[in-house]
Every structure is written in C-alpha cells, then in structure tokens.
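Asker: I'd like to ask some things about the structure below.
Numbering (the working numbering), first residue to last: 5 to 367.
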C-alpha cells in the first residue's frame, strides 16, 4: 500500500468553492429547516463505528484461489420465507388460497406491495392462459416470472476511463468501506491496479478502515486530514492515478453530514469534481444493507434524487435479509443490483446472478 494525503479544505485544487459545514444548531439559528438524518437502524443513528473489523485472510495472503460464496448455501433465511407457500401449494394444489399465501410470502420477503401486485397479476394471467392447475407447474412458472423481471439488465462494472472512477454512496452502517475493500481485492487479483480514495472525511475511523483494506488488497490509498473537503481528496486520488497509470479509482463517501440536504449536495459536488480532471465517473454504486428491507428501498429513493446511480450493492444478503428487496429495488427504481454480499469473507462479495438467486429461494 502506498499512502498519499489529500489537501485540506482550503487547499482544494478541484477549482470549486468549498462549502462550509452546517450543523444542526447553525441551521436552526439561521432559520433553515434541520432535516432528519438518513440512517439505517437506530443503533447506527448514534454515529457508532459501522464497519465490521477486518480479520486476517490467509488464503489471500498466500495467493491461493479463493472460492466464491454460493447463493444456495447462503440464502437460508430468504428461502425460509417461501417454505410455507411451497408446502401449502404442494400439499393442496392450486386454489384461491394459493394466491393469498403467495402474496403474503412476497410481502413478508420485503418485495413490497407494488412489486408483489405486479408479479401476481402477470403470474395469474399466464397461469390462466396456460391452464395451470398443478403445483409444480405453478412453482416453475413463478420462478420463470421472477427471473424474467430481474433479468435483462447490464450488470457489468464499467472500467473504461483514464482512470475510471467508481463512487460508493450510502448511509452509515451498510458496509461501504468493506464493499470497497473486497471489490478492490477482486480487481487486484485480476491484475488491475487500484487507488482507493478516502472520501469519508467526517467519520474518524473511515480512513483507517480503508487503509487496512488497501494494505490487505494491495491497492494504494489517498487520504486527507480529518474534516478535509471530500471532493479534493477524491480529486487528488484521480490525479495521482492518472499520473501513475493506475486505471481504476474507488472512492468512499460520507454517509451522514448533519442533514439530508447537505449530504446530497456533497455527493452531487463529488460527482462533478471527480469527473473534471482526467478521470471518468463510470459507476455510482449505492450500497444498501439488505437486512433493512423496505427501509433500504426508502434510502435508495432518496439517493436517486442527487446521485446518478448506475447500480446497487446489496450487503448482508446472507443474514436476516429475506430476498425480496432485490425485486423491489429493480422493479420500483429500475436500478440493477450488480453485486451482493453473501458473507464476511473476502470472496463473499459476488456478482448478482439472477438464475442462481431465484433457484436458491425455492430449493
């Protein structure tokens, strides 16, 4: 890992005026509305350290091939959501109660009312047209409909640019830093050099955590002083990558800056500045904790207002997550889920595979 420090706020060479921070008391004194923070769980709202500790990885250090996680092995909780529906339809066949049970299962799986209604309407029409009355045929048709609704999207992470810049956005606690570290390790293993930009300058532990991942993955790190202008840090990282011939910059960003308005303005500024120099912003990836269900979808809606999202990373899909959030994000926001986290291991961040995901929910 090679460490480079960015400039402080008043030394930004990005050519933009640095906007002052506005805390809650200043905003109230000035008459501005102090908007509520965007945050995940209540525990995260306290500003506690939100990233898991990074333990060692002997396989990575030794250069051994790391086996990626399996959807089938890691989606037990999500599969359990559909087990009741499957048991009923297999034992009783297809009747009016079948549709009610399927609706309940989809909503319990965090697919959301809109997505559930749309899927059921399509399924009923096709089942009627095909005169489906057998339980196995209905389950096969359901799997086909789910795969069709999730498929047909470009899931490739674009690396064109000199360098290409991938911005990672999301609230505190969802696993942005860990996602960047795991993805950097994957890119370095594939032979691509990477620079990590510590753009979350508002959380004391963020740069240290990203530094650990840079050392672990073999990437370089560019960081600034605590409280430095995030845009200038990311701009410096892009300039350094271009000068060093490094083709890819991955930039962390803050998840909480006093108010929602400030956070969204900061992200919009970072996007502008990151693309001003030699770099090209090719990906803006929203990281969502899959276990937060519909709350994660609400976060995604807010980020789409200011960030030109190209994809979603769903972390912690292997835990208490019920799986339906994948359908909700893609159906309601038309944003592809490009990567999913299926565990804590360095190889457990994997490309989203529609067929494997749907199959894992039912078997």
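Virtual Cβ for every residue (Gly too), placed ideally from N, Cα, C.
1. Let me know if residue 100 comes out buried or exposed under the rule of 16 or more other beta-carbons within 10 Å of its beta-carbon.
2. Considering residue 250, what are the terminal residues of the beta strand (DSSP E) in which it resides?
3. Does the segment 314-329 come close enough to the segment 337-355 to have 3 or more Cβ pairs within less than 8 Å?
4. In this structure, what does DSSP give as the bridge partners for residue 284?
5. In or out: residue 180 buried (at least 16 other Cβ within 10 Å) or exposed?
6. Where does residue 195 sit, in a helix, a strand or coil, going by DSSP?
7. Kindly indicate which three-state DSSP category residue 224 falls into: helix, strand or coil?
8. Can you tell which of 198, 90 and 212 has the C-alpha that lies nearest to the C-alpha of residue 138?
9. State the start and end residues of the unbroken alpha helix (DSSP H) segment that holds residue 147.
10. With a cut-off of 8 Å, do at least 3 Cβ pairs link the segment 75-84 to the segment 343-362?
11. Quick check on the DSSP output: the beta strand (DSSP E) that includes residue 320 runs from which residue to which?
12. Suppose you measure from the CA of residue 275 to the CA of residue 201; what does that come to, to the nearest Å?
13. Just verifying my parser: in three-state terms, what is the DSSP assignment at residue 350?
14. Who are residue 111's beta bridge partners in DSSP?
15. According to DSSP, simplified to helix, strand and coil, what is residue 364?
16. Using a threshold of 8 Å, state whether the C-beta atoms of residue 168 and residue 328 are closer than that.
17. Run through DSSP, which three-state label would residue 128 get?
18. Assuming residue 121 contacts residue 326 (C-beta within less than 8 Å), just tell me the rounded distance between them.
19. Measuring alpha carbon to alpha carbon, tell me which of 272, 97, 116 and 252 ends up nearest residue 164.
Answerer: To lay it out plainly:
1. exposed
2. From DSSP, residue 250 is part of no beta strand (DSSP E); its letter is neither H nor E.
3. yes
4. 168
5. It is buried - the Cβ of residue 180 has at least 16 other Cβ atoms within 10 Å.
6. coil
7. In the structure shown, residue 224 sits in a strand (DSSP, three-state: E or B).
8. 90
9. 139-154
10. With the cut-off at 8 Å, the segment 75-84 and the segment 343-362 touch.
11. No beta strand (DSSP E) contains residue 320, which DSSP labels as neither H nor E.
12. 13 Å
13. coil
14. BP columns for residue 111 are empty, so no partner.
15. helix
16. Their beta carbons are not under 8 Å apart, which means residue 168 does not touch residue 328 by this criterion.
17. helix
18. With 8 Å as the limit, residue 121 and residue 326 do not qualify as a contact, their Cβ atoms being about 18 Å apart.
19. 252
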